[in-house]
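If you read the sequence shown in our numbering, its first letter stands for residue 764, the second for the next number, and so on. Taking it in order: structure first as structure tokens, then the write-up.
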Amino acid sequence: MCMYVTDILVPFWMEKKEELGVPPDQPCILQLDCWTVHRSIAFRTWLDKTYDWIRYCYVPAGMTGVTQPCDVGLQCPIKLAIKEFQHADIVDETLTQLSSGAVASEIRLDVTKGTLWDRSVQWFVKAY
764 MCMYVTDILV
774 PFWMEKKEEL
784 GVPPDQPCIL
794 QLDCWTVHRS
804 IAFRTWLDKT
814 YDWIRYCYVP
824 AGMTGVTQPC
834 DVGLQCPIKL
844 AIKEFQHADI
854 VDETLTQLSS
864 GAVASEIRLD
874 VTKGTLWDRS
884 VQWFVKAY
């Protein structure tokens with residue numbers, strides 16, 4: 764999370780501040796989910812010491828759809844499509860093994876890094 768803030772978020776904000784002609788220490792709001800990493804003392808301490816102009820607030824649990832509409836309106840359908848493609852691959856692989864005579868208790872899905880890497884690209888492209 765610290766790398767994201769340092770390498771992506773801060774440069775973006777600094778560029779926007781310059782475009783808008785506001786001072787570099789102009790406060791910015793960082794809206795965070797209630798994930799453990801976001802709430803950790805280590806992250807909050809680092810953020811407070813490193814970027815005292817970043818004000819952070821947390822989305823209350825169960826309120827993502829209200830405070831982050833893109834998470835519901837855009838990301839949710841894509842995530843759902845990806846899960847459906849993942850499920851289809853599992854079913855296809857299982858049926859292929861069963862068709863070739865494998866006993867149900869002996870079926871093993873290919874979860875090697877290379878296979879998942881290749882499949883994940885297909886899932887993302889199809890979902891998009």
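C-beta: ideal position from N, C-alpha, C; glycine also.
Nearest by alpha-carbon distance to residue i: which of the options is it?
i	options	result
LEU772	GLU782, LYS842, ILE792	ILE792
GLU869	THR875, GLN860, GLY877	GLN860
TRP798	ILE817, TYR814, ARG818, GLY825	GLY825
VAL785	HIS850, TRP816, ARG807	TRP816
PRO790	PRO840, GLU778, ARG818	ARG818
Expressed to the nearest angstrom, what Euclidean distance is found between the alpha-carbon atoms of residue i and residue j?
i	j	result
LYS889	ARG882	11 Å
PHE775	LEU783	12 Å
CYS765	ASP811	12 Å
ASP806	THR878	Before going further, note that residue 806 is Phe rather than Asp in the sequence given. So the alpha carbons of these two residues sit roughly 34 Å apart.
HIS801	VAL866	45 Å
From the DSSP secondary-structure annotation, give me the bridge partner or partners of residue i.
i	result
CYS894	The structure shown does not extend to residue 894, since the chain is modelled only from 764 through 891, so no value can be given for it.
Which stretch, first to last residue, makes up the alpha helix (DSSP H) that contains residue i?
i	result
PRO774	773-783
GLN885	876-890
GLY828	827-830
Rounded to whole angstroms, how far is the Cβ of residue i from the Cβ of residue j, which I believe are closer than 8 Å?
i	j	result
ILE845	PHE887	7 Å
LEU872	GLU847	At roughly 17 Å, the Cβ-Cβ gap does not stay under 8 Å, so LEU872 and GLU847 are not in contact.
LEU795	TYR821	5 Å
With 7 Å as the threshold, decide whether the Cβ of residue i is near any Cβ in chain C.
i	result
ILE792	Absent from the structure is chain C; it holds one protein chain and no more.
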